[in-house]
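Visitor: A single structure is presented below for examination.
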Amino acid sequence: MKLLIIIIAFIPLQLAAQLRLAPIFSDNMVLQRDQPVRIWGKANPGDEIGILFYNEQFRSITGVDSSWSILLKKYAATVHPQQLTVSSAYETIVIKNILIGDVWVCIGQSNMEWPMQSELHYKQQVNKAQISKLRFFNPTYAGKNIYAATFPDSIAERLTPKDFYSGEWHNSDSNTFKTMSAVAWYFGRKILFETGVPQGLINLSIGGAPLETFISIDALRQNSSFAAKARGDWLNNTSLPEWIRQRGRENVGALDNVPADAIGKNHGYKPGFAFTAGIEPILPMPVKGIICYQGESNAQETERVTEYNDLQELLVKDYRNRWKDPALPFYYVQLSSIDTIRYKGQLWPQFRNEQRKFLDRLPYTGMAVSSDIGDSVSVHPLNKKDAGERLARWALHDVYKKNIIPSGPLPVKAVFHNGNIEVYFKYTGKGLTTSDQAPLKGFTTDADQHPAAIIRDNKVIIKTGSKPRFACYGCSPYTDANLVNAESLPASTFRLEVE
Numbered sequence: 088m089k090l091l092i093i094i095i096a097f098i099p100l101q102l103a104a105q106l107r108l109a110p111i112f113s114d115n116m117v118l119q120r121d122q123p124v125r126i127w128g129k130a131n132p133g134d135e136i137g138i139l140f141y142n143e144q145f146r147s148i149t150g151v152d153s154s155w156s157i158l159l160k161k162y163a164a165t166v167h168p169q170q171l172t173v174s175s176a177y178e179t180i181v182i183k184n185i186l187i188g189d190v191w192v193c194i195g196q197s198n199m200e201w202p203m204q205s206e207l208h209y210k211q212q213v214n215k216a217q218i219s220k221l222r223f224f225n226p227t228y229a230g231k232n233i234y235a236a237t238f239p240d241s242i243a244e245r246l247t248p249k250d251f252y253s254g255e256w257h258n259s260d261s262n263t264f265k266t267m268s269a270v271a272w273y274f275g276r277k278i279l280f281e282t283g284v285p286q287g288l289i290n291l292s293i294g295g296a297p298l299e300t301f302i303s304i305d306a307l308r309q310n311s312s313f314a315a316k317a318r319g320d321w322l323n324n325t326s327l328p329e330w331i332r333q334r335g336r337e338n339v340g341a342l343d344n345v346p347a348d349a350i351g352k353n354h355g356y357k358p359g360f361a362f363t364a365g366i367e368p369i370l371p372m373p374v375k376g377i378i379c380y381q382g383e384s385n386a387q388e389t390e391r392v393t394e395y396n397d398l399q400e401l402l403v404k405d406y407r408n409r410w411k412d413p414a415l416p417f418y419y420v421q422l423s424s425i426d427t428i429r430y431k432g433q434l435w436p437q438f439r440n441e442q443r444k445f446l447d448r449l450p451y452t453g454m455a456v457s458s459d460i461g462d463s464v465s466v467h468p469l470n471k472k473d474a475g476e477r478l479a480r481w482a483l484h485d486v487y488k489k490n491i492i493p494s495g496p497l498p499v500k501a502v503f504h505n506g507n508i509e510v511y512f513k514y515t516g517k518g519l520t521t522s523d524q525a526p527l528k529g530f531t532t533d534a535d536q537h538p539a540a541i542i543r544d545n546k547v548i549i550k551t552g553s554k555p556r557f558a559c560y561g562c563s564p565y566t567d568a569n570l571v572n573a574e575s576l577p578a579s580t581f582r583l584e585v586e
């Protein structure tokens, strides 16, 4: 009898510990404005869950799988902190200091991950970092900052979708912003200052990650061109970049205690893994758009370069489908300039040109040129301010309808006329010029590596005499090409067939 009393008395205590919110919900978060807000989590099957938000009650019953989900209303942007209360019969959770604004998801590798404290302009920004309307979900992840070494057991155990990312929301201030993505911080700050709308940045970037990890495994399997990437042990799958397979083998190849599935051991570089661990868990949450700085790990082999646009198109279409938003913005940074054998710099001009061509593949996309702020010997250019703010220009132009030029000059066509090549551009703004007031640099043809080129009537005239097959610009790995518009935004690398 005493044992029965103890067991009965203990049941409510067990139940009281079961109410949980999805990890994306924490103090200081931003919820997406102007779209119905969904809150979800776990509790005991059959438990009634209540939510109090904006002085209004919402209720649901927990399902047999212990999941519950409640759809709230649409809310306008507000800079006034709100509180959300979630309750069961046994427990109450309060989320404080919530703002309603725009939420952006940030993906990519180390240049997206690159923290403010290591950015070129950090010292000038540290006293300006107290920005209560700029918020970050900036999680750490299993294996961060461990490079060519075997993961310790404590890391290997976290290589599950549930445990891979770990973090919470923070306001931007002089302490928290040190580890925030510099590209995302500058992106969000510029939009905030231009619009007044609170900005929330969810940073899921992983140093060194290939694009394949951010794509759902189902999308890969169902695509005839990329199904091979989702078959067999990924550590030995030659359809994936060699560099990421090598790093994966160094980290987990010798370990027996790493969670695994049909395509091998879990790792941040494994196809579909970052999607499963980071993107999929937040799909019920409406977002404003995606920003991406990725490509270095996919730019080291010719076959990876030539497939990249197809791969990125698959990612964008899959995200738009899963978020049920066919106009979900996708803005990305074009790879910068570099000239090293280690990172296969000789392939970067081709990769940059492919990234430029992606703009014509899908609507609601934009590209920030960064070849003018590169580092000839480092894969991590320190100037992330220009990269982030150039991404923001696309959002300000497309999403927020600001009357600004979103980009530097982008080529439209190259036409042979009267013994010269005439290159036409869009986004010329108030006119074409050079960044250093010097003569034009960076133009080549397949017949002449140093042709004379001048600006005339918002066109570039390349003097050739005879008709070459291609006109190129910024096509060296580390380029000093200097064409800009009057807004000082740089032109993209390009290789155009001459008409």
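The sequence shown maps to residues 88 to 586 in my numbering.
Glycine included, every Cβ here is placed at the ideal spot set by N, Cα and C.
Would DSSP call Asn490 helix, strand or coil?
Guide: Here Asn490 sits in coil by DSSP.
Visitor: Classify Arg543 as buried or exposed, calling it buried when 16 or more other Cβ atoms lie within 10 Å of its own Cβ.
Guide: With fewer than 16 Cβ atoms within 10 Å of its Cβ, Arg543 is classed as exposed.
Visitor: Please give the ranges of any beta strand (DSSP E) in the segment 350–407, keeping only runs that are unbroken, at least 3 residues long and fully inside the region.
Guide: Entirely contained in the segment 350–407, the beta strand (DSSP E) runs reaching 3 residues are, in chain order, 376–380.
Visitor: Exposed or buried, Phe97, counting other C-beta atoms within 10 Å across all chains shown (16 or more means buried)?
Guide: Legend: pLDDT at Phe97 = 42, less than 50; position of this residue unreliable, value from coordinates given subsequently. So Phe97 ends up on the exposed side.
Visitor: Kindly confirm or deny that the segment 345–357 and the segment 150–170 touch, where touching means at least three C-beta pairs closer than 8 Å.
Guide: Contact fails: fewer than three Cβ-Cβ distances are below 8 Å.
Visitor: So, is the C-beta of Gly254 closer than 8 Å to a C-beta in chain C?
Guide: Given the protein chain composition of this structure (a single chain), no chain C is represented.
Visitor: For Tyr418 and Gln144, what's the separation of their Cα atoms in angstroms?
Guide: Approximately 37 Å between the Cα atoms of the pair.
Visitor: In this structure, how does DSSP classify Met454 when only helix, strand and coil are distinguished?
Guide: Strand.
Visitor: Touch check for the segment 477–488 and the segment 451–466: three-plus C-beta pairs under 8 Å?
Guide: In short, these stretches touch, since the Cβ pair count reaches three.
Visitor: State the Cα-Cα distance for the pair Asp134 and Thr149, rounded to the nearest angstrom.
Guide: For Asp134 and Thr149, the distance between alpha carbons rounds to 5 Å.
Visitor: Starting from Asp189 and walking both ways along the beta strand (DSSP E), at which residues does that stretch end?
Guide: Its beta strand (DSSP E) spans residues Thr179 to Gly195.
Visitor: Does the beta-carbon of Pro389 have 16 or more other beta-carbons within 10 angstroms, so that it is buried, or is it exposed?
Guide: It is Thr, not Pro, that sits at residue 389 in the sequence shown. Its Cβ having fewer than 16 others within 10 Å, Thr389 is exposed.
Visitor: Hey, would you say Ala48 sits closer than 8 Å to Leu401, going by beta carbons?
Guide: Not covered by the structure: residue 48. The range shown for the chain is 88 to 586.
Visitor: Considering only C-alpha positions, which residue in the set Arg336, Leu139 and Leu279 is nearest to Thr172?
Guide: Per the Cα distances, Leu139.
Visitor: Given this structure, state the Cα-to-Cα distance separating Thr237 from Arg336, to the nearest angstrom.
Guide: So the two alpha carbons sit approximately 9 Å from each other.
Visitor: Taking just the CA atoms, how far does Pro297 sit from Leu118?
Guide: In a straight line, the C-alpha of Leu118 is about 29 Å away from that of Pro297.
Visitor: For the beta strand (DSSP E) containing Val502, list its first residue and its last residue.
Guide: First-last of the beta strand (DSSP E) with Val502: Leu497 to His504.
Visitor: Quick one: measure Cβ to Cβ for Thr521 and Asn569, integer angstroms, because I've assumed they're closer than 8 Å.
Guide: Indeed they touch by this definition, with Cβ atoms about 4 Å apart.
Visitor: Using only CA atoms, which one of Val124, Arg107, Ser156 and Ser465 lies nearest to Thr179?
Guide: Nearest C-alpha to Thr179: Arg107.
Visitor: Within the same chain, show all residues whose beta-carbon is closer than 8 Å to that of Asn290, passing over the 5 residues directly before and after it, in chain order.
Guide: Here the set comprises Cys193, Met199, Glu200, Phe223, Phe224, Asn225, Pro226, Met267, Ser268 and Ala271.
Visitor: In chain order, what residues of the same chain lie with their CB nearer than 7 Å to the CB of His208, ignoring the 5 residues before and after it?
Guide: If we look at His208 and ignore the five residues flanking it on each side, its Cβ neighbours are Lys472.
Visitor: Roughly how far, in whole angstroms, is the beta-carbon of Ile541 from the beta-carbon of Leu527, given that I think they are within contact range, below 8 Å?
Guide: Their Cβ separation, rounded to whole angstroms, is 7 Å, which keeps Ile541 and Leu527 in contact under 8 Å.
Visitor: Need the endpoints of the beta strand (DSSP E) that Ile508 sits in, please.
Guide: Where Ile508 is concerned, the enclosing beta strand (DSSP E) stretches over Asn507 to Lys513.
Visitor: Might you give, ordered along the chain, the residues of its own chain that have their beta carbon closer than 6 Å to the beta carbon of Ser261, omitting 5 neighbours on each side?
Guide: Val213 and Ala216, listed in sequence order.
Visitor: Using the three-state DSSP reduction, which class does Thr566 fall into: helix, strand or coil?
Guide: DSSP places Thr566 in coil when its eight states are reduced to three.
Visitor: Start and end of the alpha helix (DSSP H) containing Val270?
Guide: Start and end: Ala269 to Thr282.
Visitor: If we count the other Cβ atoms within 10 Å of its Cβ and call it buried at 16 or more, is Leu158 buried or exposed?
Guide: Per the 10 Å Cβ criterion, exposed.
Visitor: Please return the same chain residues whose Cβ sits closer than 6 Å to the Cβ of Thr247, not counting the five positions on each side in sequence.
Guide: Hits under 6 Å: Pro346.
Visitor: Check whether the Cβ atoms of Arg439 and Thr580 lie closer than 8 Å to each other.
Guide: Going by C-beta atoms, Arg439 is nearer than 8 Å to Thr580.
Visitor: Out of Ser303, Gly561, Gln286 and Asp152, state which residue places its alpha-carbon closest to the alpha-carbon of Gly461.
Guide: Looking at the Cα atoms, Gly561 is the closest of the given residues.
Visitor: Can you tell me whether DSSP reads Ala104 as helix, strand or coil?
Guide: Model confidence at Ala104 stands at a pLDDT of 49, short of 50, so the residue's coordinates are unreliable and nothing is read from them.
Visitor: What does Asn572 pair with, by DSSP beta-bridge criteria?
Guide: Bridge partners of Asn572: Leu519.
Visitor: If I'm right that Ser424 touches Ser463 with Cβ under 8 Å, what's the distance once you round it to whole angstroms?
Guide: Contact holds; Cβ gap of about 7 Å.
Visitor: Decide if Val499 is buried, meaning its Cβ has at least 16 other Cβ atoms within 10 Å, or exposed.
Guide: Val499 is exposed by the Cβ-count criterion.
Visitor: What's the call for Gly283, buried or exposed, on a 16-neighbour Cβ count within 10 Å?
Guide: Gly283 is exposed by the Cβ-count criterion.
Visitor: Look at Lys517 and Leu497 and say whether their C-beta atoms are less than 8 Å apart.
Guide: Contact flag unset, no.
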